[in-house]
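Structure first, commentary second.
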Amino acid sequence: MIEELVVLFVIFVLAIFVGFEVITKVPPTLHTPLMSGSNAISGITIIGALIVAGQGDVVVAKYLGMVAVAFAMINVVGGFLVTDRMLKMFKRKPEVQK
Amino acid sequence: MTAALIKLLYLLAAVMFILGLKRLSSPATARSGNTMASVGMLIAIVVTLVFQEIVGWREILIGMIVGSVVGGVFARTVKMTGMPQMVALLNGFGGGASALVASAEYYRYLEAGQGVPLNFGIAIQLSVVIGTLTFTGSLVAFGKLQELVTGKAVTYPLQKILNALLLIGTLGLAVWLVIDPSNPVAFAGVILGAALLGVTSVIPIGGADMPVVISLLNSYSGLAAAMTGFVINNEGLIIGGALVGAAGLILTNIMCRAMNRSLANVLFGAFGATVQEIGGGPEGAPGDQTVRSLTHEDAATMLAYARQVVFTPGYGLAVAQAQHEVRELADMLQERGVQVKYAIHPVAGRMPGHMNVLLAEADVPYDQLYDMEQINPEFPQTDVSVVIGANDVVNPVARHDKSSPLYGMPILDVDKAAHCIVMKRSMRPGFAGVDNELFYQEKTSMLFGDAKDSFKKLIEEVRQL
Chain V
1 MIEELVVLFV IFVLAIFVGF EVITKVPPTL HTPLMSGSNA ISGITIIGAL
51 IVAGQGDVVV AKYLGMVAVA FAMINVVGGF LVTDRMLKMF KRKPEVQK
Chain D
99 MTAALIKLLY LLAAVMFILG LKRLSSPATA RSGNTMASVG MLIAIVVTLV
149 FQEIVGWREI LIGMIVGSVV GGVFARTVKM TGMPQMVALL NGFGGGASAL
199 VASAEYYRYL EAGQGVPLNF GIAIQLSVVI GTLTFTGSLV AFGKLQELVT
249 GKAVTYPLQK ILNALLLIGT LGLAVWLVID PSNPVAFAGV ILGAALLGVT
299 SVIPIGGADM PVVISLLNSY SGLAAAMTGF VINNEGLIIG GALVGAAGLI
349 LTNIMCRAMN RSLANVLFGA FGATVQEIGG GPEGAPGDQT VRSLTHEDAA
399 TMLAYARQVV FTPGYGLAVA QAQHEVRELA DMLQERGVQV KYAIHPVAGR
449 MPGHMNVLLA EADVPYDQLY DMEQINPEFP QTDVSVVIGA NDVVNPVARH
499 DKSSPLYGMP ILDVDKAAHC IVMKRSMRPG FAGVDNELFY QEKTSMLFGD
549 AKDSFKKLIE EVRQL
């Protein structure tokens, strides 16, 4: 039980370090898309939502799960789409082709 | 065997998140990075639906359709100026989802009647507290940014003490539930406490400090997801959540540094509850200082015959919706051989990087946008710097006046250019309530009026030259 927890905790701590390394390299120009994009990633909680919504035995849990799926899906779909909409606008100087 | 395969596929999704974030290190690759991360998410969802003994398809289908439609409509219709609200709302839904999953797991354990193992108990409580707090806190932040509730810092007597008691009470209940999870009333108490805490901890923070709050809530929504990962024993959630948690913390830190404030000061300082009147008040110049204003014609001539012009936009530009006019003028100047650059302060706009998005929307190429560190050494070689609706971030007082609340804040050195034109509606002080020394300097000329109108006139004048 505790061993299991420790293994997951190790993953958690290492992932935070990976996050720090990767994200400090993102330039300030892209901080808004970074925020909305990483936001969409936090929608990964959808996995948990699907599992509890999809189980059959406990009714309360099932409906809580259904709302969780909707919430997480707003987060995921909204986050990735709006990030794409923003990043599409970032363009270089047009004179480059000359 | 299948269990191992599932774990590996979740790992693949997590790796795609990391690679996707890595591609955000340049605007050229960023869009493909976002696509990559979304493919990772798709893999995670499909794996879950295929391999995780799903029986309740109806609930899942309803949830997915509702969520996708609402999310899709938000994403397509939101205005770029409304991006901070959008992100606040998304944070809230993410945090709320995590809290709901943890709550559902709690009810499953309760129903099974065998108690909750200690490790899951801790994770459930953490996920519920952080997730619920993120949800209500984000809704308040959204309300403030959308101006549904007052953007001012709301303060009342004993605020900090009451908040502290609320926090202690909520955590106390949570600890009790970890030890003895059999009381659903106590569980409802934890949710209620965390929900209240989200509201009462964001309400005392002023509208201009919202960038910090959104960054912090972003971090919380990630942490809530990671805690939910502990609840359902899933590495994908833990890695994804940790990445977001880290991103939010980094941005929070950057914002605090750019505003020269500590995180504690932002969260508990109730900055902006009252505007301090320093100097001569909002109307005129204090004492014997004089302000020079100039005509659009003069300004146009000055710009058209410069070698290098640096525009410094602040949120005032976005309020006036003048981004397109700025770009049009910049294009005309460039055709005349003027070198045009944009200086972007880290807190320009309402969230980290907001100004860059607003300028990108007006088709300003991103290679003309310069960070503070890049552009500051360039000001001494600049003929004209144009400040548009920015105030505190260009106040030279921050460099030398130790008594000023702005002292030590990193600023854009617009005053080091040969000439400085400040476009502003009036002489009102900025958010910090400090009079701006820049306006009274000999090299500075004020161009009063609405930024959009002013730019239209400038474009007209330059055309006639």
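Protein sequence lines correspond, in order, to chains V and D.
Numbering follows the numbering used here, in which position 30 of the first sequence is assigned residue number 30; successive positions increment by one, without gaps.
Numbering follows the numbering used here, in which position 334 of the second sequence is assigned residue number 432; successive positions increment by one, without gaps.
Note that beta-carbon positions come from the ideal geometry of N, C-alpha and C, so glycine has one too.
As the structure is a prediction and not an experimental result, all values here were calculated from the model.
At least 3 beta-carbon pairs within less than 8 Å: the region 233-243 of chain D vs the region 310-330 of chain D:
The region 233-243 of chain D, when compared against the region 310-330 of chain D, does touch it at the 8 Å Cβ threshold.
On the DSSP bridge list, what partners appear for ALA441(D)?
Listed as beta-bridge partners of ALA441(D) by DSSP are TYR468(D).
If the criterion is Cβ atoms closer than 8 Å, does the pair LEU43(D) and GLN421(D) meet it?
Residue 43(D) is absent from the structure shown; chain D starts at 99 and stops at 563.
Are the C-beta atoms of MET430(D) and some chain V residue less than 8 Å apart?
In terms of beta-carbon proximity, MET430(D) stays away from the interface with chain V, with every pair separated by 8 Å or more.
Among ALA128(D), LYS250(D), VAL199(D), which has the Cα closest to the Cα of SER564(D)?
Here chain D has residues from 99 to 563 only, and residue 564(D) is not among them.
So VAL276(D) packs on ILE220(D), CB below 8 Å; how close in whole Å?
About 5 Å separates the two Cβ atoms, so the contact holds.
In this structure, how does DSSP classify GLN419(D) when only helix, strand and coil are distinguished?
In this structure, GLN419(D) counts as coil in the three-state DSSP scheme.
Alpha-carbon spacing of GLY334(D) relative to LEU81(V), whole angstroms:
In a straight line, the C-alpha of GLY334(D) is about 21 Å away from that of LEU81(V).
With THR388(D) as the anchor, note down where its alpha helix (DSSP H) starts and where it stops.
Per DSSP, THR388(D) lies in no alpha helix (DSSP H) and is assigned neither H nor E.
Can you tell me whether DSSP reads MET308(D) as helix, strand or coil?
For MET308(D), the secondary structure class from DSSP, reduced to helix, strand or coil, is helix.
Among residues of its own chain, excluding the 5 on either side of LEU361(D), which ones have a beta-carbon nearer than 6 Å to its beta-carbon?
Take LEU361(D), set aside five residues on each side of it, and the residues of its chain with a beta-carbon closer than 6 Å to its own are CYS354, in chain order.
In terms of residues, what are the limits of the alpha helix (DSSP H) holding ILE49(D)?
Nothing can be reported for residue 49(D), as the shown portion of chain D is limited to 99 through 563.
For GLN466(D) versus TYR505(D), is the C-beta spacing smaller than 8 Å?
It is not a contact, given that the beta carbons lie outside the stated cut-off.
Alpha carbon to alpha carbon, how far is GLY367(D) from ILE222(D)? Give it in angstroms, no decimals.
A straight-line Cα-Cα distance of about 31 Å links ILE222(D) and GLY367(D).
Can you tell me which of the three DSSP states ILE301(D) falls into?
DSSP places ILE301(D) in coil when its eight states are reduced to three.
What would DSSP say about PHE546(D), mapped onto helix, strand or coil?
Residue state, collapsed to three classes: strand.
Name the DSSP beta bridge partners of THR566(D), please?
This structure cannot speak to residue 566(D), because chain D is shown only from 99 to 563.
Tell me the rounded alpha-carbon separation between TRP155(D) and VAL113(D).
Using only the alpha carbons, I get a separation of about 28 Å.
Where PHE90(V) sits in the DSSP three-state scheme:
In the structure shown, PHE90(V) falls within a coil segment according to DSSP collapsed to helix, strand and coil.
Listed by chain order, chain V residues near MET139(D) by CB distance under 8 Å:
Those within 8 Å of MET139(D) in chain V are ALA40, ILE41, GLY43, ILE44, ILE46, VAL76, PHE80.
Quick check on VAL176(D) - is its C-beta less than 8 Å from some C-beta in chain V?
Output row for VAL176(D): interface = yes.
Which same chain residues end up closer than 8 Å to ILE158(D) when comparing Cβ atoms and leaving out the 5 residues on each side of it in sequence?
Taken in chain order, the residues that qualify are LEU147, ILE152.
With a CB to CB cut of under 8 Å and the five nearest residues on each side skipped, what residues in its chain are close to VAL96(V)?
Bear in mind that a pLDDT of 45 at VAL96(V), under 50, signals an unreliable position, so the number given afterwards is only what the model happens to contain. Excluding five sequence positions before and after VAL96(V), none of the CB atoms of its chain fall closer than 8 Å to its own CB.
On a Cα-Cα basis, can you pick out the residue from GLU559(D), VAL171(D), ASP469(D) that is closest to ALA356(D)?
In terms of Cα proximity to ALA356(D), the closest of GLU559(D), VAL171(D), ASP469(D) is ASP469(D).
Is SER360(D) helix, strand or coil when you go by DSSP?
In the three-state DSSP reduction, SER360(D) falls in the coil class, being neither helix nor strand.
Report yes if the C-beta distance between GLU426(D) and ILE336(D) is below 8 Å; otherwise report no.
Taking 8 Å as the Cβ cut-off, GLU426(D) and ILE336(D) do not qualify as a contacting pair.
Under 7 Å Cβ to Cβ from VAL176(D), same chain only, skipping five residues before and after it: list those, please.
Once the five neighbours on either side are set aside, the close Cβ partners of VAL176(D) are MET184.
Is it buried or exposed, THR253(D), if we count other Cβ atoms within 10 angstroms and call 16 or more buried?
With fewer than 16 other Cβ atoms within 10 Å, it is exposed.
How far does the alpha helix (DSSP H) with MET181(D) in it extend, from its first residue to its last?
Counting along the chain, MET181(D) sits inside the alpha helix (DSSP H) bounded by residues 181-210.
Based on Cα-Cα distance, which residue from ILE47(V), PHE20(V), ARG85(V) lies nearest to ARG172(D)?
With the sequence shown as reference, residue 172(D) is identified as Phe, and Arg is not the correct amino acid for it. Here the closest residue by C-alpha is ARG85(V).
Does the distance from the CB of LEU545(D) to the CB of THR399(D) come in under 8 Å?
Remark: C-beta atoms of LEU545(D) and THR399(D) do not approach each other more closely than 8 Å.
Return the chain-ordered list of same chain residues with a C-beta closer than 7 Å to the C-beta of GLY45(V), the five sequence neighbours on each side being excluded.
According to the sequence provided, residue 45(V) is Thr. The question's Gly does not apply to it. Excluding sequence neighbours, THR45(V) sits near ALA72.
Cβ of ILE348(D) within 8 Å of any chain V Cβ:
Output row for ILE348(D): interface = yes.
Counting only runs of 4+ residues fully inside the region 257-341 of chain D, write out the alpha helix (DSSP H) ranges in chain order.
Positions of the alpha helix (DSSP H) runs, each at least 4 residues long and wholly inside the region 257-341 of chain D, are given as 257-277, 282-300, 308-330 in order along the chain.
The region 115-126 of chain D: which residues have C-beta closer than 7 Å to a C-beta of chain V, in chain order?
Listed by position, the residues of the region 115-126 of chain D near chain V (Cβ gap below 7 Å) are PHE115, ILE116, LEU119, LYS120, LEU122, SER123, PRO125.
By the 10 Å Cβ neighbour count, where 16 or more other Cβ atoms means buried, how is SER136(D) classified, buried or exposed?
Buried, since its Cβ has 16 or more Cβ neighbours within 10 Å.
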